[in-house]
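Taking it in order: structure first as structure tokens, then the write-up.
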Amino acid sequence: MKKALLIINPNSGEEEAKNYEELAHEKLNNLFDEVEVLHTQEDGDATRFARQAADEKVDSLFVMGGDGTVNEAVNGLAEQEYRPKFGFFPLGTVNDLAHSLNISMDPATAIEELTLERHQALDIGKINDSYFMNIVSVGSIPEAISEVDGEEKSKFGKLAYFTTAFKQVLHNESYHFSLEVDGEHLDIESSAVVFNLNESIGGFEQVVPNAKPDDGKLHLLYLKDHRITDTFKSVPDILKGIDHSTEYVGYQPFSEATLSVKDDVTLHPSVDGDEGPELPLHLKVLPQHLEVYYGPEE
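Counting in the UniProt record's numbering, the sequence shown runs from 1 upward without gaps.
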């Protein structure tokens with residue numbers, strides 16, 4: 001008998017989960033013999049529910065929520081010996097993993113298009129003692145973007161992120177970082193250092209065109225911007241897509257890295273949209289670690 005667990009974050013996407021819960025439940029009832037629905041009420045619930053799903057050896061675990069809820073569920077599954085197949089119906093402003101997997105950002109369409117035949121083993125990343133499935137970003141620009149409030153994100157979407165980044169660029173606050181990337185040492189000055197698993201960043205597609213969710217690599221990008229003019233000059237490169245280092249943007253695919261800040265400051269990364277552990281960081285990729293449902297081919 002095949003069982004599915006559906007985890008719903010009722011607070012994601014201006015609390016729009018209530019508009020789609022019945023539709024998702026009905027869809028899963030048509031695909032599985034048994035469906036259980038659990039609602040998150042506080043931080044950590046999705047992690048706990050995902051561990052429960054692994055312990056019960058359910059066939060599939062689905063999440064309805066934003067990047068943060070997806071991240072919590074992935075953290076609940078990552079260290080389990082048995083890991084259910086994983087799927088999600090995206091809510092919220094930006095979901096880069098959904099873009100990479102051809103999952104519609106319209107929840108009703110994402111639910112309708114789900115089929116159990118389409119799934120693949122995807123990479124996940126490990127950062128210190130936790131896990132991520134999308135992006136880790138460090139620096140003054142990511143820090144400012146992470147502080148965009150929920151109302152702005154819901155109202156303006158990607159524009160809210162872009163406007164905030166632009167305002168931060170005008171301050172041009174960069175940090176001195178020390179990196180070890182697959183054994184190679186780098187000293188850099190940057191306002192934004194990004195470790196990415198997918199091709200999309202902040203809802204903008206094809207920023208890292210060579211990044212595939214199952215390529216067994218993390219992808220490092222950083223701005224070479226100790227002057228404000230350098231930051232602006234990096235924009236055309238980013239919009240074209242980064243597949244090699246340029247004069248203003250550093251790029252390197254890798255398997256394992258460490259990052260520390262040389263300045264006398266305390267920095268926390270943004271990890272899949274939420275605050276992560278204080279630097280220094282140890283990151284590595286876990287290749288094809290989680291079986292994930294994806295959308296129809298374009």
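A virtual CB, placed ideally from N, CA and C, is assigned to each residue, including glycine. These numbers were taken from a predicted model, which means no experiment stands behind them.
message: Comparing C-alpha positions only, which one of 201, 257, 76 sits nearest to residue 47?
response: Residue 76 is the option with its Cα nearest to residue 47.
- prompt: Secondary structure at residue 3, three-state DSSP: helix, strand or coil?
  reply: strand
field: Complete alpha helix (DSSP H) runs within the segment 62 to 143 (minimum length 4 residues, chain order)
entry: 67 to 77, 96 to 100, 107 to 113
message: In the DSSP assignment, the beta strand (DSSP E) including residue 196 goes from what residue to what residue?
response: 193 to 196
task: Could you tell me which of 121, 98, 203 sits nearest to residue 288, measuring between CA atoms?
output: 121
task: Per DSSP, which residues does residue 258 bridge with? Please list them.
output: 180, 282
message: Mapping the DSSP letters down to three states, classify residue 12 as helix, strand or coil.
response: helix
field: For residue 60, the three-state DSSP class (helix, strand or coil)
entry: The answer is strand: DSSP assigns residue 60 an E or B state.
task: Could you tell me how far apart the beta carbons of residue 193 and residue 222 are, in whole angstroms, since I believe they sit closer than 8 Å?
output: 4 Å
query: Under 9 Å between the Cβ atoms of residue 187 and residue 254?
result: Against a cut-off of 9 Å, the Cβ pair of residue 254 and residue 187 comes out as no contact.
- prompt: What did DSSP end up calling residue 242 once you bin it into helix, strand or coil?
  reply: In this structure, residue 242 counts as coil in the three-state DSSP scheme.
query: CB-CB under 8 Å to residue 124, same chain, minus the five flanking residues each way: which ones, in chain order?
result: 74, 78, 131, 132, 133, 197, 285, 286, 289, 290
- prompt: Considering only the beta carbon of each residue, do residue 214 and residue 67 sit closer than 9 Å?
  reply: No; because the gap between Cβ atoms is not below 9 Å, this pair is not in contact.
query: In chain order, what residues of the same chain have a beta carbon less than 8 Å from the beta carbon of residue 230, not counting five sequence neighbours either side?
result: 223, 224, 248
query: Taking DSSP as the reference, what is the three-state secondary structure of residue 267?
result: coil
query: Taking C-beta to C-beta, are residue 89 and residue 49 nearer than 9 Å?
result: no
- prompt: In whole angstroms, what separates the C-alpha of residue 204 from that of residue 268?
  reply: 23 Å
- prompt: With 16 as the cutoff for other CB atoms within 10 Å, does residue 1 come out buried or exposed?
  reply: exposed
Sequence-distant residues of its chain with Cβ nearer than 6 Å to residue 86 (five each side left out): 61, 290, 292
- request: Could you tell me the distance, in whole angstroms, from the CA atom of residue 57 to the CA atom of residue 190?
  value: Their backbone Cα atoms lie some 45 Å apart in a straight line.
field: Beta-carbon spacing of residue 178, residue 140 below 9 Å
entry: no
- prompt: If residue 91 and residue 65 are in contact, beta carbons under 8 Å, what's the gap, nearest whole angstrom?
  reply: The beta-carbon distance between residue 91 and residue 65, rounded to whole angstroms, is 6 Å. This is short enough to meet the 8 Å contact definition.
field: Reference residue 101, options 199, 185, 276, 208, closest by Cα
entry: 199
message: Taking the alpha-carbon of residue 298 as reference, which of 37, 104, 20, 202 has the nearest alpha-carbon?
response: 104
- prompt: Tell me which same chain residues have a C-beta within less than 8 Å of the C-beta of residue 118, skipping the five on either side of it?
  reply: Cβ within range, chain order: 293, 294, 295, 296.
- prompt: In the DSSP assignment, what are the bridge partners of residue 204?
  reply: 201
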